[in-house]
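Residue numbers (this note's numbering): 478 to 819. So the structure is just underneath, and the comments pick up after that.
Structure, rendered in structure tokens:
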């Protein structure tokens, strides 16, 4: 496969008001380093894939993108985070999985009281897993360069225990969770998605096993409330493990294009956002391995079967805290004023 490098640039600026004299959280549970500068080195791989529900006992049927493993650097100062990543060739050897052209704008914003997940994924080119399924050889992947999957959406969740629990400590590295704590979450999600192919999404030699055999494209809109829980377990102040799960129940409007024409359906379906991260944090140095994922269940308009769309990001991060010197502090003053503006 020809290598197509991808450059990811994430610039997130969010304003969160905080008291000037007194901390807005319990400092015995976590410590904030808002005035410090954090640098990071990381490896990251994003994905957006989908699965067609099948009639047992047919093998699992998942379309996956051939995305790059990126290596990058970044920094965080207050609530400003900048990350730059690149998919170097030596990290992405040819794997006979075809090529995927994509723009992945997943963004995760962690405030003191809110977490916001933004989705903007635009993918073209998929291969079928497992290897050999629907292919003319057991050693080759079935490749579909024509299939597109686009998803846009937003999910916002309120934390009910921001005084003791910090998402930033786990995922942004500019805070340090010193004692175990958790928080209930409540919010809402809204999404728009499209799956499209030049022909049926189901390969010809598998069509007898799938009710979606005539479907060429699918569009859906969904909106609904959600709730969940997040918890960080801390061992000896430095070792930590964070797990978070939210479940939503959305009203969904689906339109399918088949050989026989269009079909519409209105249904109520679940969705899930899950986050896992484990590592070591001393307040000065942070090592962590994380996964952030989003799973949407979309009902077929022509059968009782479903589509499962999954998006996520694996990341390995090494971060270091720096205290700005007098010269750098002067240069950062305009940014300080902007961040503190109400």
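Note that CB positions come from ideal geometry on N, CA and C, so glycine has one too.
**Asked** Considering only the beta carbon of each residue, do residue 602 and residue 577 sit closer than 8 Å?
**Response** Yes, Cβ-Cβ distance for residue 602 and residue 577 is below 8 Å.
**Prompt:** Going by the CB atoms, is the gap between residue 775 and residue 697 shorter than 8 Å?
**Reply:** Contact: yes.
**Prompt:** Taking the alpha carbon of residue 565 as the point to measure from, which residue in 547, 555, 554 has its own alpha carbon closest?
**Reply:** 547
**Asked** Which value, in whole angstroms, describes the spacing of the CA atoms of residue 782 and residue 656?
**Response** 45 Å
**Item:** Segment contact flag, the stretch 642 to 651 with the stretch 599 to 613, C-beta cutoff 8 Å, min 3 pairs
**Value:** Touching, no.
**Asked** Leaving out five residues before and five after residue 492 in sequence, what residues of the same chain have Cβ atoms less than 6 Å from its Cβ?
**Response** Confidence at residue 492 is low in this model, with a pLDDT of 39, below 50, so the placement of that residue should be treated as unreliable; the coordinate-derived value is given next. For residue 492, where only same-chain residues beyond five positions count, there are no Cβ hits under 6 Å.
**Asked** Would the stretch 552 to 564 and the stretch 514 to 525 be scored as touching if the rule is three or more Cβ pairs under 8 Å?
**Response** yes
**Prompt:** Taking the Cβ atom as the reference point for each residue, do residue 674 and residue 624 lie within a distance shorter than 8 Å?
**Reply:** In this structure, residue 674 sits near residue 624, with a CB-CB distance shorter than 8 Å.
**Request:** Consult DSSP for residue 538 and reduce its assignment to one of helix, strand or coil.
**Result:** coil
**Request:** From the DSSP output, in three-state form, read off residue 525 for me.
**Result:** Per DSSP, reduced to three states, the secondary structure at residue 525 is strand.
**Item:** CA nearest to the CA of residue 791, picked from 503, 501, 545, 509
**Value:** 545
**Asked** What residues are listed by DSSP as bridge partners for residue 788?
**Response** 525, 771
**Prompt:** Should residue 558 go down as buried or exposed, given a rule of 16 or more other Cβ atoms within 10 Å for buried?
**Reply:** buried
**Message:** I need the straight-line Cα distance from residue 581 to residue 763, nearest angstrom please.
**Reply:** 26 Å
**Option in 797, 584, 538, 574 with minimal Cα separation from residue 432** = In this structure the chain extends from 478 to 819, so residue 432 is not present and cannot be described.
**Prompt:** Going along the chain, which unbroken runs of the alpha helix (DSSP H) with 4 or more residues stay wholly within the stretch 638 to 700?
**Reply:** 644 to 648
**Message:** For residue 515, count the other beta carbons within 10 Å of its own beta carbon; 16 or more makes it buried, fewer makes it exposed. Which is it?
**Reply:** buried
**residue 622: first and last residue of the uninterrupted beta strand (DSSP E) it sits in** = 619 to 636
**Item:** Helix, strand or coil at residue 714 according to DSSP, with G and I counted as helix
**Value:** coil
**Request:** Mind checking which residues open and close the beta strand (DSSP E) that includes residue 583?
**Result:** For residue 583, there is no enclosing beta strand (DSSP E), as DSSP gives it neither H nor E.
**Message:** Measuring straight from C-alpha to C-alpha, what distance separates residue 815 and residue 710?
**Reply:** 34 Å
**Prompt:** With distances taken between CB atoms, is the gap from residue 431 to residue 628 smaller than 8 Å?
**Reply:** The structure shown does not extend to residue 431, since the chain is modelled only from 478 through 819, so no value can be given for it.
**Request:** Would you mind stating whether residue 731 and residue 693 have Cβ atoms separated by less than 8 Å?
**Result:** no
**Request:** Please state whether DSSP places residue 808 in a helix, a strand or coil.
**Result:** helix
**Message:** Here's the rule I'm using: 16 or more other beta-carbon atoms within 10 Å means buried, otherwise exposed. How should residue 600 be labelled?
**Reply:** buried
**Item:** Straight-line gap, residue 695 to residue 572 (C-alpha atoms, nearest Å)
**Value:** Each residue's Cα considered, the two are about 29 Å apart.
**Proximal residues to residue 716 (C-beta, below 7 Å), its chain only, five neighbours per side dropped** = 757
**Message:** On the criterion of 16 or more Cβ atoms from any shown chain inside 10 Å, does residue 594 qualify as buried, or is it exposed?
**Reply:** buried
**Request:** Helix, strand or coil for residue 601, going by three-state DSSP, please let me know.
**Result:** Here residue 601 sits in strand by DSSP.
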